[in-house]
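Enquirer: Numbering follows full-length UniProt numbering, in which position 303 of the sequence shown is assigned residue number 303; successive positions increment by one, without gaps. Beta carbons are placed, not taken as given, at the ideal position from N, Cα and C, and that holds for glycine. Sending over a structure as structure tokens; questions will come in a sec.
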Amino acid sequence: CLEPCKESGDLRKHQCQSFCEPLFPKKSYECLTSCEFLKYILLVKQGDCPAPEKASGFAAACVESCEVDNECSGVKKCCSNGCGHTCQVPKTLYKGVPLKPRKELRFTELQSGQLEVKWSSKFNISIEPVIYVVQRRWNYGIHPSEDDATHWQTVAQTTDERVQLTDIRPSRWYQFRVAAVNVHGTRGFTAPSKHFRSSKDPSAPPAPANLRLANSTVNSDGSVTITIVWDLPEEPDIPVHHYKVFWSWTVSSKSLVPTKKKRRKTTDGFQNSVTLEKLQPDCDYVVELQAITYWGQTRLKSAKVSLHFTSTHATNNPTVNRYHVRWFPEVCAHNRTTGSEASSGMTHENYIILQDLSFSCKYKVTVQAIRPKGHSKAEAIFFTTPPCSALKGKSHKPVGCPGEAGHVLSKVLAKPENLSASFIVQDVNITGHFSWKMAKANLYQPMTGFQVTWAEVTTESRQNSLPNSIISQSQILPSDHYVLTVPNLRPSTLYRLEVQVLTPGGEGPATIKTFRTPELPPSSAHRSHLKHRHPHHYKPSPERY
């Protein structure tokens, strides 16, 4: 008779005979009776329909607004009104329905660790058997809280006026409620009981399970980063507050006795992983993990679990044999079209020195790892070589730059005008937008681009020319680009900007202006506030220097 209860949600779609006979070929009577009853109570609500002539208002409308009771909300039933069917409040809603149990529930904690819950019933107004449905909810913590409690869950159905529960856990505040049900229906649950908590102290958290190495990465500096993961406990007496992670390794020393080093860190209790950085390559490590909880002022610790592993060595990676490096100039200051052939090289190291580069050129470099099973995807980077004039400024010896020997080129007179700057402050980052215009009156040669150089104005660079500044940067732009965007500028700092026209005949005179970046808000709270606002735009008046 209980089998249909397991499928009560789908019984409306099935015929009881086709459901029960395959399960119980020889004795299906009890299954059929139970199935038909379940289908009935899923479709027909408790109570009787009022007489058709009693209907009033919308309930008396001559419409077919429903077919079965479960199409109506709440306790309403689908009833006839003489010329149609509408949802109506039933009469005798609780006819034959048992009274609610008395709301006072009694709790007894048994020596076996079980909890016995007792209640008493009022006079039974029908002869049908009564089933008691017991539900509970609970919350963690030192104090009871209905706001933080779980949803109500059914824990027992019994014909007795008591129940013994075996899964009561320390450190939880429990509430119970009981409903009396018979074939005619129920009057609902009692009010939630007073809170109950076991007198036993909670246990320490279980030791973390399945500690394992999830990921290992060799960094560019040769150090190793690893990720350790574990399984979270399913249902501890108290939620884990945090995990302690210890890792140790042995290093060689000048003495005969090796030195053992140990580190530790913590991670939140809801996390099941931790990342360890800056580990030494090709070294044996031991990682220990421990769960920590708090019960009042008492700290409860789990047993430690350990994991042994050897970190990866940077040069012992068998998957990469060597690297193919290719570089070529994309655009140069003195050439309208580069036409230069690409250079290439092979290396077993993670670096390479590029020689015989040209001045004032933007280079593209691609690096491709060559593996036994084929080539990996190439990675690319760009850089710009400085102009020859920068080298001349740093050298006491005469340096011959392109265009100075041989035939004499006509002087470049073109000069950028109206050099201006604006700044955007977003979060704690400052981005500068520098723009200029060109007057073509003095442009006797075609432009190939712009040479833009910027640097902080320090006490050292105030007395010297810009190329001598050790914190200057330079970039070559195409001839149709009149704007340069520079991110990550320092706040409240003077910057000096040089813009020169580039032609096949050389570099034109520089337009130089100095700009000051805006200040950042002084407090981190203000910086956090800025994150939720639109970026601030600053257009300072340029300072000549």
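By the three-class DSSP mapping on this structure, what secondary structure does cysteine 16 have?
Expert: In this structure, cysteine 16 counts as helix in the three-state DSSP scheme.
Enquirer: Regarding glutamine 46 and the ligand SAM, is the C-beta to nearest heavy atom distance less than 7 Å?
Expert: What this structure holds is no ligand at all, so the ligand SAM is not there to describe.
Enquirer: From what residue to what residue does the beta strand (DSSP E) around serine 422 run?
Expert: 416-426 is the extent of the beta strand (DSSP E) around serine 422.
Enquirer: Can you say whether asparagine 215 is buried or exposed, counting buried as having 16 or more other CB atoms within 10 angstroms of its CB?
Expert: Exposed, since its Cβ has fewer than 16 Cβ neighbours within 10 Å.
Enquirer: Rounded to whole angstroms, what's the CA-CA distance from threonine 225 to isoleucine 381? Just pull it up for me.
Expert: In a straight line, the C-alpha of threonine 225 is about 25 Å away from that of isoleucine 381.
Enquirer: So which of Phe423, Thr92, Ala191, Tyr40 has the shortest CA-CA distance to residue 586?
Expert: Only positions 1 to 545 of the chain appear in the structure, and residue 586 is not among them; the question remains open.
Enquirer: Please list the terminal residues of the continuous alpha helix (DSSP H) segment that includes isoleucine 41.
Expert: Run containing isoleucine 41: 29-43, per the alpha helix (DSSP H) assignment.
Enquirer: To which residues does DSSP link tyrosine 495 through a beta bridge?
Expert: Per DSSP, Glu456, Phe515.
Enquirer: Between which two residues does the beta strand (DSSP E) carrying residue 599 extend?
Expert: Not covered by the structure: residue 599. The range shown for the chain is 1 to 545.
Enquirer: I'd like the list of long-range same chain contacts for proline 129, defined as Cβ closer than 7 Å, with 5 residues on each side in sequence excluded.
Expert: Excluding sequence neighbours, proline 129 sits near Thr159, Asn182.
Enquirer: Based on the DSSP output, what are the partners of serine 435 in its beta bridges?
Expert: Answer is Ser420, Val483, bridged to serine 435.
Enquirer: By DSSP's criteria, phenylalanine 58 is part of a beta bridge. Which residues make up the other side?
Expert: Paired residues: none, contrary to the question.
Enquirer: Are the CB atoms of threonine 266 and lysine 301 within a distance shorter than 8 Å?
Expert: No, the Cβ-Cβ distance between lysine 301 and threonine 266 is not below 8 Å.
Enquirer: With respect to the beta strand (DSSP E) encompassing tyrosine 285, which residues constitute its N-terminal and C-terminal limits?
Expert: Here the beta strand (DSSP E) through tyrosine 285 covers 284-295.
Enquirer: Quick test of your reading: serine 220 and asparagine 350, contact by CB under 8 Å. State the CB separation rounded to the nearest angstrom.
Expert: Yes, they are in contact, since the Cβ atoms of serine 220 and asparagine 350 sit about 7 Å apart, within 8 Å.
Enquirer: Measure the Cβ-Cβ separation of arginine 212 and valine 240 and say whether it is below 8 Å.
Expert: For arginine 212 and valine 240, no; Cβs fall outside 8 Å.
Enquirer: Could you tell me the distance, in whole angstroms, from the CA atom of lysine 304 to the CA atom of glutamine 290?
Expert: One C-alpha to the other measures close to 5 Å.
Enquirer: Out of curiosity, what's the CA-to-CA distance linking glycine 82 and leucine 38?
Expert: The straight-line gap from Cα to Cα measures roughly 29 Å.
Enquirer: Should the region 151-171 be called in touch with the region 111-124, which here means at least 3 C-beta pairs below 8 Å?
Expert: Judged by Cβ distances under 8 Å, the region 151-171 makes contact with the region 111-124, as three or more pairs qualify.
Enquirer: Does glutamine 17 pass the burial test, meaning 16 or more other C-beta atoms within 10 Å, or should it be called exposed?
Expert: Answer is exposed; the Cβ neighbour count stays below 16.
Enquirer: Expressed to the nearest angstrom, what Euclidean distance is found between the alpha-carbon atoms of arginine 197 and lysine 103?
Expert: Spanning the two alpha carbons is a distance of roughly 19 Å.
Enquirer: Please check the pair glutamate 417 and threonine 453, which I expect to be a contact at CB under 8 Å, by giving their CB distance rounded to whole angstroms.
Expert: With 8 Å as the limit, glutamate 417 and threonine 453 do not qualify as a contact, their Cβ atoms being about 17 Å apart.
Enquirer: Determine which residues share a DSSP beta bridge with isoleucine 430 and list them.
Expert: DSSP lists Val425 as partners of isoleucine 430.
Enquirer: With serine 203 and phenylalanine 176 assumed to form a contact (beta carbons below 8 Å), what rounded beta-carbon distance in angstroms separates them?
Expert: The Cβ separation is near 23 Å, so there is no contact.
Enquirer: Using a Cβ-Cβ cut-off of 6 Å (strictly less than) and excluding sequence neighbours within five positions of glycine 21, which residues of its own chain qualify?
Expert: Note on identity: in this sequence residue 21 is glutamate, with glycine being the wrong assignment. Contacts found: Ser28.
Enquirer: Taking only three categories from DSSP, how would you classify glutamate 234?
Expert: Reduced to three states, the DSSP call for glutamate 234 is coil.
Enquirer: Quick one: using the 10 Å Cβ neighbour count with 16 as the cut-off for buried, is valine 408 buried or exposed?
Expert: Note that valine 408 scores 40 on pLDDT, short of 50, meaning its location in the model is unreliable; the coordinates nonetheless yield the value given after this. Burial call: exposed.
Enquirer: Answer yes or no: do proline 90 and lysine 100 have a C-beta to C-beta separation smaller than 8 Å?
Expert: For proline 90 and lysine 100, no; Cβs fall outside 8 Å.
Enquirer: Near serine 309, what residues of its chain come up, given a Cβ to Cβ distance below 7 Å and the 5 sequence neighbours on each side ignored?
Expert: According to the sequence shown, residue 309 is phenylalanine rather than serine. Result list for phenylalanine 309: Leu213, Tyr285, in chain order.
Enquirer: Can you have a look at aspartate 237 and say buried or exposed, based on whether 16 or more other CB atoms are within 10 angstroms of its CB?
Expert: Its Cβ being crowded by 16 or more others within 10 Å, aspartate 237 is buried.
Enquirer: Among Ser248, Gln271, Gln88, which residue has its Cα nearest to the Cα of lysine 260?
Expert: Of the listed residues, the one whose Cα sits closest to lysine 260 is Ser248.
Enquirer: Quick one: what's got a C-beta closer than 8 Å to glycine 188's C-beta in the same chain, skipping five residues either side?
Expert: Closer than 8 Å at Cβ, skipping near neighbours: Lys100, Ala179.
Enquirer: For threonine 108, which residues in the same chain have their Cβ closer than 6 Å to its Cβ, ignoring the five residues on either side in sequence?
Expert: Only Glu116 meet the Cβ criterion.
Enquirer: Could you name the residues that DSSP lists as bridge partners for serine 273?
Expert: Note: serine 273 sits in a beta bridge opposite Val229.
Enquirer: Quick check on the DSSP output: the beta strand (DSSP E) that includes tryptophan 119 runs from which residue to which?
Expert: No beta strand (DSSP E) contains tryptophan 119, which DSSP labels as neither H nor E.
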